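So in this note's numbering the end of the sequence shown lands on 821, straight run, no missing numbers. All C-beta atoms in this analysis are idealised placements derived from N, C-alpha and C, irrespective of residue type, glycine included. Please read these numbers as outputs of a predicted model, since none were measured by experiment.
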Amino acid sequence: MLTELVRRLRAEGLQVKEGVGHGPHAIDLAVVSEDDDARYAVAVDGDVQRGPVPSPGRDDVRLRHDQLTRMGWVPVRVRTTDVFTDPAREVARVLQALRGRSG
């Protein structure tokens, strides 16, 4: 479902990896740092449920956000409906997260 977002981010010249990590903690999209291509900078999580794992509650989402931030990532949560209705805005959000982090 995030295929269009990946395509647009790559069109912006970003390196994007899909499905980083394993199990319920996998990250849908990871954007590589513009300063250091050996490091991920932005974690993009979508709202698509993977497998029989229950959808995360608010506390789970907050804890995941905090954990990713402690690890040096900038987490960005996207809804597939937003990618569908206004993909340019979602690309801008990811770009802002990436460039705001290094500035």
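- Message: Rounded to whole angstroms, what is the Cα-Cα separation between P751 and R782?
- Response: Residue identity check: residue 751 is Ser in the sequence provided, not Pro. Each residue's Cα considered, the two are about 20 Å apart.
- Task: Figure out for me which residue from H740, G739, A744, D753 has the closest Cα to the Cα of Q822.
- Result: Nothing about residue 822 can be read from this structure; the chain reaches only from 719 to 821.
- Message: Does the contact criterion of 3 or more C-beta pairs under 8 Å hold for the region 791 to 806 versus the region 720 to 738?
- Response: yes
- Query: With 16 other CB atoms within 10 Å as the buried threshold, where does D778 fall?
  - Reply: exposed
- Please name the residue in D800, R788, G731, K735 whose C-alpha comes closest to that of D765. D800
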